[in-house]
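In full-length UniProt numbering, the protein residues as written are 1 to 226. In this text, a Cβ means the ideal position worked out from N, Cα and C, and glycines have one as well.
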C-alpha cells in the first residue's frame with residue numbers, strides 16, 4: 001500500500017511518515033500543496049493525507065485538483081480547524097474523511113484502515129505460492145509449516161511479488177510499489193533485498209520460488225509449474 005502525505009510542518013510530516021512505515025506502508029511526502037498536488041495527480045496512491053492549511057496550495061485546492069483528474073483515491077484531511085463549515089467545504093471538494101489536530105496515532109491508523117477498506121475488502125489478505133503463505137493481517141510468513149522472520153521492507157516486497165505471482169516485475173515497478181521516492185533508483189537496494197529474501201524463503205533443500213528473469217526483472221511462482 002502506497003500513501004502520500006502532504007504536510008508543511010516538518011516534525012509532524014516526519015512523525016507521520018515513520019508511524020505509517022512502521023505499519024508497513026510505503027510513504028511519499030511533500031511539504032507544500034503545489035508539490036503534493038503534482039505527486040497526487042501523476043502517481044498512483046492507495047490513500048492521500050492532506051494538511052488543510054499549507055503554502056502554495058491549500059488542502060481544499062489539492063482536493064479539487066485530484067478530483068478534476070478523475071482520481072477517486074481516498075483523501076484524509078488533517079486540520080486544526082474544527083468548524084462545521086470548513087469540514088463541509090472540504091467534503092464538497094472531494095475529501096473522504098477529516099481529522100482534527102491534535103490527534104492520536106491510533107485513531108489516525110484506524111481511520112486509514114477504514115478508508116482503505118471502502119473500495120475493496122482487505123481484511124483477510126492471504127497469499128500462497130506452493131508451500132509459502134503470507135498473511136498480511138497477521139504480518140506472518142510461513143513456509144512448510146515453519147514461520148519465517150522478515151524485516152518490514154522484506155515483508156512488503158514479498159507481499160508485492162506474491163500478489164503478482166507469475167508476473168515478471170521490473171526494477172522500476174518494484175521501486176514504485178515497495179520503496180518511497182527518496183531511494184536512489186540506481187542503487188542495488190532491490191538486488192540486496194531479493195538476495196536476502198532468497199536466503200530466507202528458498203533455503204537449502206526447498207524448491208526455488210523466487211526467479212530472476214534476465215534483462216527483465218524478478219518473479220515468484222509455484223515451482224510445480226516448471
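Pick helix, strand or coil for residue i, following the three-state DSSP scheme.
| i | result |
| --- | --- |
| residue 53 | coil |
| residue 103 | coil |
| residue 17 | helix |
| residue 41 | helix |
| residue 62 | helix |
| residue 36 | helix |
| residue 23 | coil |
| residue 148 | coil |
| residue 136 | coil |
| residue 113 | helix |
| residue 10 | helix |
| residue 121 | Residue confidence for residue 121 is low, a pLDDT of 40 falling below 50, so the modelled location carries little weight; the figure read from the coordinates is stated next. Residue 121: coil per DSSP, three-state reduction. |
Over the uninterrupted beta strand (DSSP E) stretch that includes residue i, give me the two end residues.
| i | result |
| --- | --- |
| residue 79 | 75–79 |
| residue 189 | Careful: residue 189 lies outside any beta strand (DSSP E), inside the alpha helix (DSSP H) at 189–201. |
| residue 69 | Neither: residue 69 is in no beta strand (DSSP E) and is coded neither H nor E. |
| residue 140 | 140–143 |
| residue 2 | 2–6 |
| residue 178 | It is not in any beta strand (DSSP E) - residue 178 instead sits in the alpha helix (DSSP H) that spans 171–178. |
| residue 219 | 217–220 |
| residue 129 | 126–129 |
Taking the alpha helix (DSSP H) that residue i belongs to, which residues open and close that run?
| i | result |
| --- | --- |
| residue 154 | 152–163 |
| residue 86 | 84–93 |
| residue 213 | Segment 210–213 is the beta strand (DSSP E) holding residue 213; no alpha helix (DSSP H) there. |
By the 10 Å Cβ neighbour count, where 16 or more other Cβ atoms means buried, how is residue i classified, buried or exposed?
| i | result |
| --- | --- |
| residue 102 | exposed |
| residue 55 | exposed |
| residue 69 | exposed |
| residue 220 | buried |
| residue 139 | exposed |
| residue 215 | exposed |
| residue 154 | buried |
| residue 20 | buried |
Confirm the yes/no value for this check: CB of residue i, any heavy atom of the ligand ZN, distance under 7 Å.
| i | result |
| --- | --- |
| residue 179 | Here there are no bound small molecules, and the ligand ZN is not part of this structure. |
Rounded to whole angstroms, how far is the Cβ of residue i from the Cβ of residue j, which I believe are closer than 8 Å?
| i | j | result |
| --- | --- | --- |
| residue 99 | residue 116 | With 8 Å as the limit, residue 99 and residue 116 do not qualify as a contact, their Cβ atoms being about 15 Å apart. |
| residue 40 | residue 26 | About 15 Å; that fails the 8 Å criterion. |
| residue 148 | residue 200 | 5 Å |
| residue 5 | residue 17 | 6 Å |
| residue 134 | residue 173 | That pair is no contact at about 19 Å. |
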